[in-house]
Amino acid sequence: MPSIFASIRERQRRGEADGRHIGVGFAMYSEQGAPRHHRLRRRGESRWSRGSRTVFRSSNTRRGKLELRIGAHSHGKGAWKPRWPRSRMRFSA
């Protein structure tokens, strides 16, 4: 099975005409914002955090831009004040 990065590796070997470097970067941040459900149960609390599943999908658009789709929740961390202009964002459900 060919590597999903085969085309990127080929571009790296060839080099870009304008001297840019081509690469792939991955980043992840996970914050535990609440106690786990077993800790809450031990304390006798009826509510508990169930966690969430996140599906990550990426695709290249026809305009050559990378589109990332994730499932995320703001948990009140300032998501109502985005640092990027809304004109550069696209929201979908």
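Count along the sequence shown starting at 1, add 152, and that's the number in our numbering. Cβ atoms here follow ideal geometry from the backbone N, Cα and C, with glycine treated the same way.
N-terminal and C-terminal residue of the alpha helix (DSSP H) that residue i is part of
i	result
E162	A158 to R166
From the options, residue whose alpha carbon lies closest to that of residue i
i	options	result
R161	A169, V176 and D170	V176
Cβ of residue i within 8 Å of any chain B Cβ
i	result
F157	Among the protein chains of the structure shown there is no chain B, as only one such chain exists.
CA-to-CA distance, residue j to residue i, given in whole angstroms
i	j	result
D179	M241	The sequence shown places Ala at residue 179, not Asp. Rounded to whole angstroms, A179 to M241 spans 19 Å at the Cα level.
R238	A169	32 Å
A158	H173	16 Å
G167	I156	19 Å
R163	R194	55 Å
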